[in-house]
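*Asks:* Below is a structure I'd like to ask you about.
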Amino acid sequence: MPDASALLTDLYELSMLEAYAARGMTGSAVFELFFRRLPPERGFLLAAGLDQAVTFLEGMRFDAEDLAWLRDTGRFAPGFIDSLAGFRFTGDVDAVPEGTAVFADEPVLRVTAPLPEAQFVETRLLNIVHFQTVIASKAARMVLASGGRQLVDFGLRRAHGGEAGLFAARAAWLAGFDATATVLAGRRFGIPLMGTMAHAFVEAHDGETEAFLDFARTRPAGLCLLIDTYDTERGAARVAALAPRLAAEGIAIAAVRLDSGDLAYHARAVRGILDAAGCGAIRIFASGGLDEARIARLAGAPIDGFGIGTALTTASDAPALDCAYKLQAYAGRPRRKRSEGKATWPGAKQVWRRLAADGTILGDTVGLHDEPPTGTALLRPVMRAGRRIDPATADLAAARQRAAAALASLPPALRRLEPGTVPVTISPAIRALAAAADRAAAGEP
């Protein structure tokens, strides 16, 4: 993790922690992380970030420098700061596996722990799970729009920080992207790396042909040449002329990249130039301001793959989702928020999924965790007593396979990125529990 300090949190988490300690409020609490509603641009979400969330919970602690800094602020009582030296997460976590399609009002992660621990981890859990789910969900739309064509993450330079770029590469790979240009993601997560060349490399040479030759002889494996620095079609003609010369040196040109202009027009022109020269094996790769809508519009163009940057790592059309982490039970009693427009359903919950005979999702039911099942349970045990109990939560390849299956299980309209979503039903038992919690809060018998 780029920054594992427990101080990577909101101030109010520490303020509440001190107040809970002063009152001795350490009973068992249940918090759930969920998405209240989906924006019009999202008919589904793809859960992501669980592995990093568990890693955070296992390693969360205040080191000596953190404690010294807190003392220097003068904000907290010395005794409280001393107690933080041994503060650890000792609770349980149940969660929806990464790569699962989820919808509004469904808990994707449930924490059961002493109240101070369950409360304190709120900010960082939201930070991790929300961001990766945002990016995985955006990437999944591009996967659906691409029709099986290659997708590569080019987005680090436009990401909102280094961690964001790294996590975006992970989330995109999970969702079905084929590779990333982010080198650390290759090391950290084992994601295949792919890159081409910059316009500056071509401009630094006295001629385009010279640039192509220098790059090809230095980086012959998976060679992709950028041909639109000056004139796209002329660049394609130069590649076609160089192909036999490089082939004689044992170097095959794998692809050319288009990064500007009318991509469909240029792709057709370039395809014609390459085919006429007997270079039909050279693929065409496109980049430059692409998102799922533009990818879909390029369905008929002879483009074999896409590099996606800004639209992916910033999820530019829906960069933030209405994500929440709320108290659902404390000290054996159901708890619920009733704020206008932000009311929650109380109790520890499970999500039950119903599938059609062909595997398509029919609908989900959110029920209490101990209700009789009405489908396949989505939340599974992940941590017990502060320790990871399911090594599969760290298996990114398995999450990627799960995501592919999840996209295949979406109703046809959602796979076509049309408006709509899957129906989510709140069980009668939860509604009854909410009514009881309301009566108790009002002091009624």
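The sequence shown: position 393 = 408 (the working numbering), numbered continuously. Built from N, CA and C at the ideal position, the CB exists for glycine as well.
Looking only at its chain, what residues have a beta carbon closer than 7 Å to the beta carbon of residue 352, apart from the 5 residues adjacent to it on each side?
*Replies:* Closer than 7 Å at the Cβ level, and outside the excluded window around residue 352, lie 341, 358, 359.
*Asks:* Measuring only the C-alpha atoms, how far is residue 219 from residue 245?
*Replies:* Approximately 13 Å, taken between the alpha carbons.
*Asks:* Could you tell me the distance, in whole angstroms, from the CA atom of residue 430 to the CA atom of residue 159?
*Replies:* Distance between the alpha carbons of residue 430 and residue 159 is about 6 Å.
*Asks:* The alpha helix (DSSP H) spanning residue 36 covers which residue range?
*Replies:* Looking at the DSSP string, the run of the alpha helix (DSSP H) that includes residue 36 is 26 to 38.
*Asks:* Quick test of your reading: residue 125 and residue 47, contact by CB under 8 Å. State the CB separation rounded to the nearest angstrom.
*Replies:* So it is a contact: roughly 5 Å between Cβ atoms.
*Asks:* Using 8 Å as the threshold, is the C-beta distance between residue 62 and residue 114 below it?
*Replies:* Their beta carbons are under 8 Å apart, which means residue 62 touches residue 114 by this criterion.
*Asks:* Can you list, in chain order, the residues of its chain whose CB lies under 7 Å from that of residue 288, leaving out five sequence neighbours each side?
*Replies:* Cβ neighbours of residue 288 beyond the five flanking positions: 248, 251, 252, 255.
*Asks:* Alpha carbon to alpha carbon, how far is residue 149 from residue 60?
*Replies:* Using only the alpha carbons, I get a separation of about 8 Å.
*Asks:* Using C-beta distances below 6 Å, list every residue in its chain close to residue 75, excluding the 5 sequence neighbours before and after it, in chain order.
*Replies:* Closer than 6 Å at the Cβ level, and outside the excluded window around residue 75, lie 21, 104.
*Asks:* Which residues does DSSP pair with residue 398 in a beta bridge?
*Replies:* Paired residue(s): 108, 403.
*Asks:* Based on Cα-Cα distance, which residue from 448, 409, 263, 441 lies nearest to residue 121?
*Replies:* Selected option, being the one with the closest Cα: 441.
*Asks:* What does residue 272 pair with, by DSSP beta-bridge criteria?
*Replies:* Answer by DSSP bridge pairing, in chain order: 241, 300.
*Asks:* Can you check which of these residues, 426, 225, 226, is closest to residue 372 by C-alpha distance?
*Replies:* Taking only the C-alpha atoms, the option nearest residue 372 is 426.
*Asks:* Considering only the alpha carbon of each residue, which of 362, 379, 363 lies closest to residue 369?
*Replies:* Selected option, being the one with the closest Cα: 379.
*Asks:* Can the beta-carbon of residue 71 be found closer than 8 Å to that of residue 139?
*Replies:* Yes. Within cutoff.
*Asks:* Measure from the alpha carbon of residue 233 to the alpha carbon of each residue in 293, 261, 143, 222, then state which is nearest.
*Replies:* With distances taken between Cα atoms, residue 233 lies closest to 261.
*Asks:* What did DSSP end up calling residue 376 once you bin it into helix, strand or coil?
*Replies:* Residue state, collapsed to three classes: strand.
*Asks:* If you measure between the beta carbons of residue 30 and residue 127, is that distance less than 8 Å?
*Replies:* The answer is no: Cβ separation not under 8 Å.
*Asks:* Which of the three DSSP states is assigned to residue 43 in this structure?
*Replies:* In the structure shown, residue 43 sits in a strand (DSSP, three-state: E or B).
*Asks:* From which residue to which residue does the beta strand (DSSP E) around residue 441 run?
*Replies:* Here the beta strand (DSSP E) through residue 441 covers 439 to 441.
*Asks:* So, are the CB atoms of residue 164 and residue 320 less than 8 Å apart?
*Replies:* Against a cut-off of 8 Å, the Cβ pair of residue 320 and residue 164 comes out as a contact.
*Asks:* Run through the DSSP bridge pairs and tell me what residue 338 is partnered with.
*Replies:* BP columns for residue 338 point to 50.
*Asks:* Starting from residue 360, follow its DSSP beta bridges and name the residues at the other end.
*Replies:* Answer is none; residue 360 lacks a bridge partner.
*Asks:* Mark residue 310 as exposed unless 16 or more other C-beta atoms lie within 10 angstroms of its C-beta, in which case mark it buried.
*Replies:* When all chains shown are included, residue 310 counts as buried.
*Asks:* With distances taken Cα to Cα, identify the nearest neighbour of residue 68 among 229, 421, 397.
*Replies:* When only C-alpha atoms are compared, the closest one is 397.
*Asks:* Of the choices 282, 151, 152, whose alpha-carbon is the least far from that of residue 314?
*Replies:* Per the Cα distances, 282.
*Asks:* Looking at the strands, I want to know which residues DSSP matches up with residue 127.
*Replies:* According to DSSP, residue 127 bridges with 45, 107.
*Asks:* Below 8 Å between beta carbons: does that hold for residue 318 and residue 278?
*Replies:* Cβ atoms of residue 318 and residue 278: closer than 8 Å.
*Asks:* For residue 337 and residue 400, what's the separation of their Cα atoms in angstroms?
*Replies:* If you take the alpha carbons of residue 337 and residue 400, they lie about 29 Å apart.
*Asks:* At the level of alpha carbons, what is the spacing between residue 420 and residue 82?
*Replies:* One C-alpha to the other measures close to 46 Å.
*Asks:* Please list the terminal residues of the continuous alpha helix (DSSP H) segment that includes residue 322.
*Replies:* Where residue 322 is concerned, there is no enclosing alpha helix (DSSP H), although the beta strand (DSSP E) it sits in stretches over 320 to 323.
*Asks:* According to DSSP, simplified to helix, strand and coil, what is residue 260?
*Replies:* Note: residue 260 maps to helix in three-state DSSP.
*Asks:* Mark residue 264 as exposed unless 16 or more other C-beta atoms lie within 10 angstroms of its C-beta, in which case mark it buried.
*Replies:* Residue 264 should be labelled exposed.
*Asks:* Thinking C-beta only, is residue 436 closer than 8 Å to residue 205?
*Replies:* For residue 205 and residue 436, no; Cβs fall outside 8 Å.
*Asks:* Apply the 10 Å Cβ neighbour rule to residue 110 and answer buried if 16 or more other Cβ atoms are within range, or exposed otherwise.
*Replies:* Flag for residue 110 reads buried.
*Asks:* So is residue 443 buried or exposed if we call it buried at 16+ other beta carbons inside 10 Å?
*Replies:* Per the 10 Å Cβ criterion, exposed.
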